[in-house]
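The UniProt record's numbering puts the sequence shown at residues 1 to 127.
Virtual Cβ for every residue (Gly too), placed ideally from N, Cα, C.
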Amino acid sequence: MAPDLPDPEELPVACRDAMIGYSDHVKRLGGLIFELVSEALGLSPETLKRMDCAKDQVGGLQVLHQDCWVDVTPIPRALIINFGDFLQMMTNNKFISVNHSVLANRVGPRISVACFFCYPTNLNSTA
Numbered sequence: 001m002a003p004d005l006p007d008p009e010e011l012p013v014a015c016r017d018a019m020i021g022y023s024d025h026v027k028r029l030g031g032l033i034f035e036l037v038s039e040a041l042g043l044s045p046e047t048l049k050r051m052d053c054a055k056d057q058v059g060g061l062q063v064l065h066q067d068c069w070v071d072v073t074p075i076p077r078a079l080i081i082n083f084g085d086f087l088q089m090m091t092n093n094k095f096i097s098v099n100h101s102v103l104a105n106r107v108g109p110r111i112s113v114a115c116f117f118c119y120p121t122n123l124n125s126t127a
């Protein structure tokens with residue numbers, strides 16, 4: 001449900017308030033975690049919360065498919081999500097964790113970021 005809540009009328013009445021409250025608490029927790037990690041890195045507490053979503057135009061990501069490493073081609077303005085083992089377990093294999101690797105190359109710096117929560121930034125942005 002985070003960062004954007006659906007129309008409350010679309011949520012089941014029986015659990016609407018609980019779902020909205022839970023989402024609010026998770027967003028606050030995520031914001032606090034971003035602040036603490038920023039400070040641990042010696043940065044201002046707002047640094048990670050202000051950062052925009054990282055874009056992959058460098059390439060180098062590979063996934064293991066049928067015992068072969070396959071390149072994942074960067075697609076402009078696309079977001080690639082690698083679901084982890086915990087999410088696979090929690091969804092009863094609805095979302096499958098994937099073995100992946102990131103290769104260094106000479107095109108430019110390669111940055112991989114593990115992110116467990118995306119703090120809502122630029123909610124009105126079309127970028």
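Determine the extent of the alpha helix (DSSP H) in which residue i is found, giving its start and end residues.
i	result
V26	R16 to A40
Could you check whether residue j and residue i sit closer than 7 Å to each other, using their CB atoms as the reference points?
i	j	result
N99	L64	yes
S97	D85	yes
L48	S38	yes
G59	P74	yes
Could you give the first and the last residue of the continuous beta strand (DSSP E) run that contains residue i?
i	result
L48	Where L48 is concerned, there is no enclosing beta strand (DSSP E), although the alpha helix (DSSP H) it sits in stretches over T47 to R50.
D71	C68 to D71
Quick one: does residue i have its CB under 7 Å from some CB of chain C?
i	result
E10	Absent here is chain C; the protein component of the structure consists of one chain.
From the DSSP output, read off the bridge partner residues of residue i.
i	result
Q62	D71 and S101
Tell me, to the nearest whole angstrom, how far the beta carbon of residue i is from that of residue j; I am working on the premise that it is less than 8 Å.
i	j	result
L5	I20	6 Å
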